[in-house]
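A.B. asks: Quick one: the structure is below, and I'll ask about it shortly.
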């Protein structure tokens, strides 16, 4: 068990601010605690003699020893109460009281002070502005929700208190049970990472599920969740996905969330099964809690109705699952046990007049097939099938074969008791065939997450000091923007750049050009002019004799365009034969929650118009870098589509990793774009560079 | 009322093959008919005196006059019975009996004969292999389903009998009611188009919904559904969407369905609201049956819980709806009626301690706002809100303002009676906020379908005879494939082609080239060589003096590559300056169900690698052609992205329409590709052409 074990399973709890005033939160908390808790409850309230039959003490110090305190005093008393609790040696506190960061500057100041107190006393604080916590093992219900949770093997965190209330109400008449529940509130101290870590160490939590609106520390979350997800699935709704939703979330929690792109990437790297609706949240958590994981992606469908069987098959087509191909032995078994009109191929149709024996033989045959990893049992109401019998047979066969099963019972009231039987055995049953398939798909997604080995990023041998010098040159010039004058940064990190140099006069330009070939590329170097090509600041294919004049032209154009622009010189660069090459882009943007977000795509229209891009949170290893290349739709262009020469994809993958190392080594780099990184059959070359830094972080 | 009015509402029905044998379909049909039918039932069975209390007659002729007959005799008797029925003047027949097209060649022959009989007697035949039909107005239940339908304003067709059984069972304990239900069976005579047409004329059917696996006649369906959908929404599941699903469907119905691409396109052009899951089918049909259509896309959310409000807002972001911006008057009203901590902007948060009055004021204010077209009311369980009160208030306010409303009640058992109250008033209520938004989105989708005016395709002035000559030249050459030698086809339909000619000797090549400029394009013309460029059969930029030699080279390469290939000559073509142009592709493929399917995309990687394409079933008018261009992701490339000159988009749109006319005029054209159609700022030019024809259809 983890650090928070005592928070969830205390032996003695103090309610600070306990009261019996009708309709008050303090009363709700106290009476919920009194209802089922196996431990002791002590009420703290200097203005009362007793509350709901409990004798009151005046101060926290009189209540000790207690393992946890629940705070429901008015907001202006919370900080004093916390200090008292700290002085009394209490380290687990749930702050129900609202009126902190969510309410404006006074509340925000109060919340900062709360954080300081928690740090001083090394205190685990839930909230403030929390609905409370529940632990069904001890019967602890330290919330003011009208409904308690029933025991189960899922633990649930929520950044919305109302969502907890809703889920408890909804779960009450379903067989959805919880181990622990926590309403995170404002997450001033304990956040999602802390509870994920705790439940990862809790043998009684088989699935972690939750609703969040932001992640407090993205990189910490990735580290924690990635490890936990190896053992315990994590299923999350992260709301504020869309622009409208993000605005609504910001006004709701006051937190400014990072980009959806970063969340999508970060949560995936954290090994989270991310869902978008409440239905998916409970469908996926439920099957993960109840069924074993499949060994592979091959699903079999056994149905007594052709049409719904086709719908289930369509759902397989929409998913990451594949329709299993049966072995000959299975086909023989099915031919033997089914009538001639039946379909023995997947989806198996046992036909509308199937009785339970025939249905059962069909399910047994496919579950026994080594090519089948999971099974959907699908039944419409017929005169010959009793849903209860089918449920019992399915439970027995699932247990016997140990493969995951999901059921579709296409009826109303007539399916209820069968659903209950199945759900007691951890087998989900739905009306809609698609939901059964989607649930099995979620199992498979998680099986893949678990299978994914996390490789430490490769550390390349780089010249970090030289890179630091380049970045510091920007500080010396008092600018936050760097361009081609910083190409040495790439050299220092082993990323190939075209031969060439920045020169400061026409004669030198000519001398450099002579060493580079018959024709060269010349670019104006000025941190103040962002779009060089728009003002004619780039000349391609300049013959050596014309280099001096071109130098003058480029500088003149800069002066003309922006008289006060700082011109550092002109870059004279080797002219690459890009006809054989493909222009790619590698970019980095620093996300407030997750840190440096790497982007890869093909140059030109592909990134700008088609948004054909892939992302990862740095640092990444080779597998992730390779996947970034793999994930873009236009990847065939790198691999020889339309008669091109395939490019050296390994060099692209290595460049992404080296850039990942660079931006991880230097948090001062806020944005960085290598555009284009030209890839050919021989390797890559970073032709242009632009970056923005935060001088304070150097 | 339509032609099938008597089928659904007969006064007297004969059951041919009525029986009381336990467990038989004949008994189920007879007893279902006897249960609720307002009219008379007559049993036909020569081996029985009476069935379930009905006196039997021996033959159909003794049963007349009857308005409809239900046939449950064994398969080998069906055809005789049908003839008897026809002779007796019966024109409406439901054939329950299976053993026709779904069972092999004997059955298929029987089905063809059934079709002949139906044609001979001008008989409306449902089935064969149908579960039957239901009409709740007359209480007619001519099915063998265990559950009858409850009355309502939706009519339901299904190509799967089991799906009907499932839906009836499921609907029984929900307030989902039907007007007519039909199990289509094998659709030997009556198909989906017939029922859509019928229900389009039925004032008691407000929504048509259904499950289909194929469409018998795609173009007829588009014509019928497009008209019906102007008044009555049509919501359909078309299964077999995915490759796996299509294979399963083919094995289920025996029908070979056309491509999913054609269905997606055709059903959209037919004005169908297409759904993929059973949940969507009933969610969308339900709200369409119960709520008015919104005037525009702006939705307001009123919630007592921030987090779930964000989830609803995300769902709006995922949909075609927009979050409404309130007028100042509304904001003032909300500020006045809500506490300070409330959020008066959309999503409106009345806060967890809201009572019914406050909630009601919030809902009323947004419903009254002229900028709001639809509303989501969202409530979590709190101590201060009673769901029944909220339901009553919502029903009253919805009726008062006449705008569509969907409700989310986030609880379990505690929401039941409120759900019933809402659903009686036609207002849907869900647990999941996303479903409420998706349902309103479906209303808006349908509102847009209804708003869409169907414009007759423009008829261009073309030279149809000349086009026919070109196609017939293929017949003369006994080939089904035509290439650049058929470019005149495009000329005849007013589609610009580069200047040039096909020549048959080097001298002529030279003469033609001299008129075309300094350099020309030369292409081998051979119907037998498909990929000319692969064998060096295309030379670009040939200087006039080199034309004669190039002619010889091209012909030599053809001989070398394929000695028996027919070489029609060499095309000498004006060399276009394509640097300023964008290569596009217009293609046509004939779909078995829907006929010619037009495709548009950009040349090269865009169609081949990125599959960035758009489709329409021909014939189409200007709006559809314009939308085809608009729908491709890379369309900015046509509009001047990345510093290019915008192309003459009107010329592209006109070319698509002219090709639509061409393939509609000549059903003999099975496939046609104009690739590339080069578009520049000045217009378009069809540089290459390939087509396949069916000689028999000429």
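Protein chains in written order, with this note's numbering: chain B, 106 to 803; chain R, 106 to 803.
For glycine and all other residues, C-beta sits at the position ideal for the given N, C-alpha and C.
Cβ of residue 518(B) less than 8 angstroms from any chain R Cβ?
C.D. replies: Position 413 of the first chain holds residue 518(B). It does: the Cβ of residue 518(B) has a partner Cβ on chain R nearer than 8 angstroms.
A.B. asks: Below 9 angstroms on C-beta distance, what does residue 522(R) contact in chain B?
C.D. replies: Residue numbering aside, residue 522(R) sits at position 417 when the second chain is read from its first letter. Listed along the chain, the chain B residues whose CB falls inside 9 angstroms of the CB of residue 522(R) amount to none; the nearest CB is some 14 angstroms away.
A.B. asks: Is the stretch 423-438 of chain B in contact with the stretch 464-474 of chain B, if contact means three or more CB pairs nearer than 8 angstroms?
C.D. replies: yes
A.B. asks: Pick helix, strand or coil for residue 67(B), following the three-state DSSP scheme.
C.D. replies: The question about residue 67(B) has no answer, for chain B in this structure spans 106 to 803.
A.B. asks: Among the residues of its own chain, which have a CB less than 6 angstroms from the CB of residue 145(R), if the five just before and after it don't count?
C.D. replies: The count along the second chain starts at 1 and reaches residue 145(R) at position 40. Counting only Cβ-Cβ distances below 6 angstroms, and skipping sequence neighbours, we find 117.
A.B. asks: Using C-beta distances below 7 angstroms, list every residue in its chain close to residue 802(B), excluding the 5 sequence neighbours before and after it, in chain order.
C.D. replies: For the purposes of this step, residue 802(B) is taken as residue 697 along the first chain, with counting starting at 1. So the qualifying residues of the chain are 772 and 773.
A.B. asks: Quick check: what's the CA-CA separation for residue 671(R) versus residue 648(R)?
C.D. replies: In the second chain, residue 671(R) corresponds to position 566, counting from 1. In the second chain, residue 648(R) corresponds to position 543, counting from 1. Straight through space, the alpha carbons of residue 648(R) and residue 671(R) are spaced by roughly 27 angstroms.
A.B. asks: Once DSSP output is grouped into helix, strand and coil, what is the label at residue 752(B)?
C.D. replies: Mapped onto the first chain, residue 752(B) falls at position 647. If DSSP states are grouped into helix, strand and coil, residue 752(B) belongs with coil.
A.B. asks: Which residue or residues does DSSP assign as beta-bridge partners of residue 535(B)?
C.D. replies: Residue mapping note: residue 535(B) aligns to position 430 of the first chain, counting from 1. 513(B), per the DSSP bridge assignment.
A.B. asks: Please list the terminal residues of the continuous beta strand (DSSP E) segment that includes residue 229(B).
C.D. replies: By 1-based counting over the first chain, the position of residue 229(B) is 124. Run containing residue 229(B): 229-231, per the beta strand (DSSP E) assignment.
A.B. asks: Taking just the CA atoms, how far does residue 719(B) sit from residue 735(B)?
C.D. replies: Taking the first chain and counting its residues from 1, one reaches residue 735(B) at position 630. Taking the first chain and counting its residues from 1, one reaches residue 719(B) at position 614. Using only the alpha carbons, I get a separation of about 9 angstroms.
A.B. asks: Specify, as a first and last residue, the run of the alpha helix (DSSP H) that residue 496(B) falls within.
C.D. replies: Locating residue 496(B) in the first chain gives position 391, counting from the first residue. That run of the alpha helix (DSSP H) goes 492-506.
A.B. asks: When you compare each of 143(B), 137(B), 142(B) and 171(B) to residue 149(B) by their alpha carbons, which one comes out closest?
C.D. replies: Taking the first chain and counting its residues from 1, the one referred to as residue 149(B) is at position 44. When each option's Cα is compared against that of residue 149(B), the closest is 171(B).
A.B. asks: Let me know the alpha helix (DSSP H) ranges lying completely inside the stretch 602-654 of chain B, each 4 residues or longer, listed in chain order.
C.D. replies: Counting only runs of 4 or more, we get 611-621.
A.B. asks: Where does the unbroken alpha helix (DSSP H) through residue 191(R) begin, and where does it stop?
C.D. replies: Start at 1 with the first residue of the second chain, and residue 191(R) comes out as number 86. 180-192 is the span of the alpha helix (DSSP H), which, as asked, contains residue 191(R).
A.B. asks: Among 317(B), 386(B), 196(B) and 616(B), which has the Cα closest to the Cα of residue 548(B)?
C.D. replies: Indexing the first chain from 1 puts residue 548(B) at position 443. It is 386(B).
A.B. asks: Please list, in chain order, the chain A residues whose beta carbon lies closer than 7 angstroms to that of residue 264(R).
C.D. replies: Absent from the structure is chain A; the protein chains it does hold are B and R.
A.B. asks: Can you check which of these residues, 242(R), 376(R), 214(R) and 199(R), is closest to residue 557(R) by C-alpha distance?
C.D. replies: Stepping through the second chain from its first residue, residue 557(R) is reached at position 452. Of 242(R), 376(R), 214(R) and 199(R), the residue nearest in Cα terms is 376(R).
A.B. asks: So what does residue 240(B) bridge to, in DSSP terms?
C.D. replies: Locating residue 240(B) in the first chain gives position 135, counting from the first residue. Paired residue(s): 245(B) and 285(B).
A.B. asks: Quick one: which chain R residues come within Cβ less than 7 angstroms of residue 316(B)?
C.D. replies: As a position in the first chain, residue 316(B) is number 211, starting the count at 1. Per Cβ cutoff of 7 angstroms: 412.
A.B. asks: Would you identify the three-state DSSP class for residue 807(B), choosing helix, strand or coil?
C.D. replies: Nothing about residue 807(B) can be reported from this structure: the residues present for chain B run from 106 to 803 only.
A.B. asks: Determine the closest residue to residue 307(B) out of 337(B), 332(B), 537(B) and 314(B), with distance taken between C-alpha atoms.
C.D. replies: Your numbering for residue 307(B) matches position 202 in the first chain. Among 337(B), 332(B), 537(B) and 314(B), the Cα nearest to that of residue 307(B) belongs to 337(B).
A.B. asks: Would you kindly work out how many angstroms separate the C-alpha atoms of residue 599(R) and residue 567(R), rounded to a whole number?
C.D. replies: In the second chain, the residue the question calls residue 599(R) occupies position 494. In the second chain, the residue the question calls residue 567(R) occupies position 462. Rounded to whole angstroms, residue 599(R) to residue 567(R) spans 7 angstroms at the Cα level.
A.B. asks: Does the distance from the CB of residue 689(B) to the CB of residue 595(B) come in under 8 angstroms?
C.D. replies: On the first chain, residue 689(B) is found 584 positions in, with the first residue counted as 1. On the first chain, residue 595(B) is found 490 positions in, with the first residue counted as 1. It is not a contact, given that the beta carbons lie outside the stated cut-off.
A.B. asks: Using 8 angstroms as the Cβ pair cut-off and three pairs as the minimum, do the stretch 531-546 of chain R and the stretch 560-578 of chain R touch?
C.D. replies: no
A.B. asks: Applying a beta-carbon distance threshold of less than 7 angstroms, which residues of chain R neighbour residue 324(B)?
C.D. replies: Within the first chain, numbered from 1, the residue matching residue 324(B) stands at position 219. Neighbours of residue 324(B) on chain R: none; closest Cβ ~24 angstroms, over 7 angstroms.
A.B. asks: Excluding the 5 residues preceding and the 5 following residue 432(B) in the sequence, name in chain order all residues of the same chain whose CB lies nearer than 7 angstroms to its CB.
C.D. replies: The residue labelled residue 432(B) in the question sits at position 327 within the first chain. Excluding residues within five positions, the ones whose Cβ falls inside 7 angstroms are 474, 475 and 476.
A.B. asks: Tell me the residue span of the beta strand (DSSP E) that contains residue 316(R).
C.D. replies: For the purposes of this step, residue 316(R) is identified with residue 211 of the second chain, where counting begins at 1. Its beta strand (DSSP E) spans residues 312-317.
A.B. asks: Taking 8 angstroms as the limit between beta carbons, can you name the residues of its chain near residue 402(B), skipping five residues before and five after?
C.D. replies: Along the first chain, read from residue 1 onward, the residue named residue 402(B) stands at position 297. Here the set comprises 425, 426, 427, 478 and 549.
A.B. asks: Under the criterion of a Cβ to heavy atom distance below 7 angstroms, does residue 572(R) qualify as lining the ligand NAD?
C.D. replies: Absent from the structure shown: the ligand NAD. Ligands present: none.
A.B. asks: Is the beta carbon of residue 643(R) sitting closer than 8 angstroms to the one on residue 607(R)?
C.D. replies: Residue 643(R) sits at position 538 when you count from the first residue of the second chain. Residue 607(R) sits at position 502 when you count from the first residue of the second chain. No.
A.B. asks: Can you pull the chain R residues whose beta carbon is under 7 angstroms from the beta carbon of residue 188(B), in chain order?
C.D. replies: Counting from 1 along the first chain, the entry for residue 188(B) is found at position 83. The premise fails here: residue 188(B) is roughly 27 angstroms from chain R at the closest Cβ pair, so nothing lies under 7 angstroms.
A.B. asks: On the criterion of 16 or more Cβ atoms from any shown chain inside 10 Å, does residue 250(B) qualify as buried, or is it exposed?
C.D. replies: Translated into positions along the first chain, residue 250(B) becomes position 145. Around the beta-carbon of residue 250(B), 16 or more other beta-carbon atoms lie within 10 Å, marking it buried.
A.B. asks: With a threshold of 16 other CB atoms inside 10 Å of the CB of residue 234(R), please say whether the residue is buried or exposed.
C.D. replies: Here residue 234(R) refers to the residue found at position 129 when the second chain is read from its first residue. The residue in question, residue 234(R), is buried, as its Cβ has 16 or more Cβ neighbours within 10 Å.
A.B. asks: Over what stretch of residues does the beta strand (DSSP E) that includes residue 432(R) continue unbroken?
C.D. replies: Taking the first residue of the second chain as 1, we reach residue 432(R) at position 327. Looking at the DSSP string, residue 432(R) is not in any beta strand (DSSP E), and its letter there is neither H nor E.
A.B. asks: Out of curiosity, what's the CA-to-CA distance linking residue 310(R) and residue 258(R)?
C.D. replies: Taking the second chain and counting its residues from 1, one reaches residue 310(R) at position 205. Taking the second chain and counting its residues from 1, one reaches residue 258(R) at position 153. Cα-Cα distance, rounded: 5 angstroms.
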